[in-house]
Amino acid sequence: MKKNCRINIEENGFTLVEIIVVIVIIGIGIVPILNYFSNSIGFINDTEIRSQAATIAGDVIEMIKDKTTSNWDYLDEFDNTTVNDTKEMELFGDISSDYDFLADFSLDVQVKPFTFIESFTEVENEDIGREIEVIISWESGGKSESVSTLIRNRTGDNDESS
Numbered sequence: 001m002k003k004n005c006r007i008n009i010e011e012n013g014f015t016l017v018e019i020i021v022v023i024v025i026i027g028i029g030i031v032p033i034l035n036y037f038s039n040s041i042g043f044i045n046d047t048e049i050r051s052q053a054a055t056i057a058g059d060v061i062e063m064i065k066d067k068t069t070s071n072w073d074y075l076d077e078f079d080n081t082t083v084n085d086t087k088e089m090e091l092f093g094d095i096s097s098d099y100d101f102l103a104d105f106s107l108d109v110q111v112k113p114f115t116f117i118e119s120f121t122e123v124e125n126e127d128i129g130r131e132i133e134v135i136i137s138w139e140s141g142g143k144s145e146s147v148s149t150l151i152r153n154r155t156g157d158n159d160e161s162s
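Heads up, the final residue of the sequence shown is numbered 162 in my numbering, and it's a clean run with no missing numbers.
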């Protein structure tokens with residue numbers, strides 16, 4: 001008498017085709033995600049440089065404000081036509097010890113007369129105040145950040161007798 005030997009083979013697991021399909025789907029999904037991360041690193045670097053440029057411009061304005069409280073004619077020393085002239089390089093040198101520069105920055109300070117409207121007429125008056133614009137540029141002038149403010153003439157404020 002022959003015994004019927006039947007072997008039960010259970011088919012558990014994954015086939016090679018299923019594994020390849022999963023790898024392809026994951027690969028298609030990962031490529032855009034990795035591209036997104038590499039782009040975001042570049043944006044973060046640009047943001048850090050732009051933030052440092054704005055901070056430097058603010059510090060330069062504060063230094064100019066400080067120097068004009070005792071010497072209003074200090075503003076006449078700026079050349080509004082060239083970037084990194086002698087006075088600007090002096091200011092840049094004063095703050096360079098406070099920073100670890102993230103880029104090769106250049107500095108331009110523009111000093112303009114304060115303009116106000118009196119009786120529907122624009123009047124320029126350099127004795128009242130001036131507009132200061134500090135422009136920090138990098139990547140050979142390709143990118144820049146500017147900060148501007150109005151400075152009031154205070155040289156005579158402390159001399160008044162009461």
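The beta carbon of each residue, even a glycine, is placed where N, CA and C say it ideally should be.
I'd like to check one pair, residue j with residue i: are the Cβ atoms closer than 8 Å?
i: R130; j: L75; result: yes
i: E133; j: A54; result: no
i: V111; j: E88; result: no
i: I136; j: F105; result: yes
i: I56; j: I25; result: no
i: G58; j: V147; result: yes
i: F114; j: L150; result: yes
What three-state label does DSSP hand residue i in the structure shown?
i: L16; result: helix
i: G142; result: coil
i: N153; result: coil
i: F92; result: helix
i: T115; result: strand
i: S38; result: helix
i: L107; result: strand
i: I28; result: helix
i: I132; result: strand
Round the Cβ separation of residue i and residue j to the nearest angstrom and send it over; I've been treating them as touching at under 8 Å.
i: I49; j: W138; result: 6 Å
Any beta-carbon of chain D closer than 8 Å to the one on residue i?
i: S51; result: Considering every chain present, this structure includes no chain D. It has just one protein chain.
Which residues does DSSP list as the beta-bridge partners of residue i?
i: T247; result: Given a span of 1 to 162 for the chain in the structure shown, any question on residue 247 remains unanswerable.
i: R50; result: Answer is none; R50 lacks a bridge partner.
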